[in-house]
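My numbering applies: residue -5 is where the sequence shown begins, and numbers increase by one.
For every residue, glycine included, the Cβ atom is placed at its ideal position computed from N, Cα and C.
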Amino acid sequence: MDLQSAQRPIEDLLAEYVHCVDDDRLEEWPDFFTEDCLYRIISRENEERNLPMTVMYCDSRGMLKDRIQSLREANVYEHQWYRHMISAVRVVGETEGVFTVHTNYTVFRTTNEGSTTLYNTGKYVDRVVFFEGGPKFIEKSVIFDTTRIPTLLVIPI
-5 MDLQSAQRPI
5 EDLLAEYVHC
15 VDDDRLEEWP
25 DFFTEDCLYR
35 IISRENEERN
45 LPMTVMYCDS
55 RGMLKDRIQS
65 LREANVYEHQ
75 WYRHMISAVR
85 VVGETEGVFT
95 VHTNYTVFRT
105 TNEGSTTLYN
115 TGKYVDRVVF
125 FEGGPKFIEK
135 SVIFDTTRIP
145 TLLVIPI
């Protein structure tokens, strides 16, 4: 598969991914990833300096499932909803069937009180592979622009 023919299925993968999170279908979230995967949320500063400190780090689909189970059963946090806006999806390369994708994102957060604020902005740097059932993330790096996140990060970005 070439870069051009991979573009649309990867855009669809990203759209389904953010709708899954925004619609609170978080039990389905790990299904967007391969079994052996990497999901990390890291500040732009740490990424640019090649510092390993992340806000969230999961290196398997099992860890992603544990994250959601913990969120549902153990974490105590203010109920909130996300609304993602994604743009400028670019398939920038392919090596041995693994596509590298850069996408800008913005996340708005709405609380129980009804207030909506800009919560997080940055870019996704993804590595995507194709299977018979369609594309999946083998790696998803969420690189946020600021040096801090204003509240507890419990829901994936």
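Between the options, which has its C-alpha nearest residue i's C-alpha?
i: Thr28; options: Val136, Val86, Thr48, Asp120; result: Asp120
i: Glu22; options: Thr104, Arg61, Leu32; result: Arg61
i: Tyr99; options: Phe125, Pro144, Gln1, Ile35; result: Ile35
i: Thr145; options: Glu67, Phe125, His73; result: His73
i: Tyr33; options: Met57, Gln1, Ile80; result: Met57
i: Ser135; options: Asp18, Gln1, Asn40; result: Asn40
i: Asp18; options: Lys130, Leu8, Tyr76, Ser64; result: Tyr76
i: Tyr118; options: Pro150, Ser109, Ala68; result: Pro150
Helix, strand or coil for residue i per DSSP?
i: Ser109; result: coil
i: Pro150; result: coil
i: Pro144; result: coil
i: Glu126; result: coil
i: Glu5; result: helix
i: Asp120; result: strand
i: Asp16; result: helix
i: Glu72; result: coil
i: Phe30; result: This sequence places Asp at residue 30; Phe is not what is there. Here Asp30 sits in strand by DSSP.
i: Glu133; result: strand
i: Glu88; result: strand
Could you round the C-beta distance between residue i and residue j to whole angstroms and report it? I think they count as a contact, below 8 angstroms.
i: Asn114; j: Val101; result: 4 angstroms
i: Ile80; j: Leu8; result: 6 angstroms
i: Leu65; j: Leu112; result: Leu65 to Leu112, Cβ: 22 angstroms. No contact.
Thinking C-beta only, is residue j closer than 8 angstroms to residue i?
i: Thr97; j: Val83; result: yes
i: Val148; j: His78; result: no
i: Leu(-3); j: Glu90; result: no
i: Gly128; j: Pro3; result: yes
i: Thr141; j: Ser37; result: yes
i: Gln1; j: Val92; result: no
i: Ser54; j: Asp30; result: yes
i: Ile137; j: Val49; result: no
Jot down the residue ranges of each uninterrupted alpha helix (DSSP H) in the region 37 to 70, minimum 4 residues, whole runs only, in chain order. 38 to 42, 55 to 67
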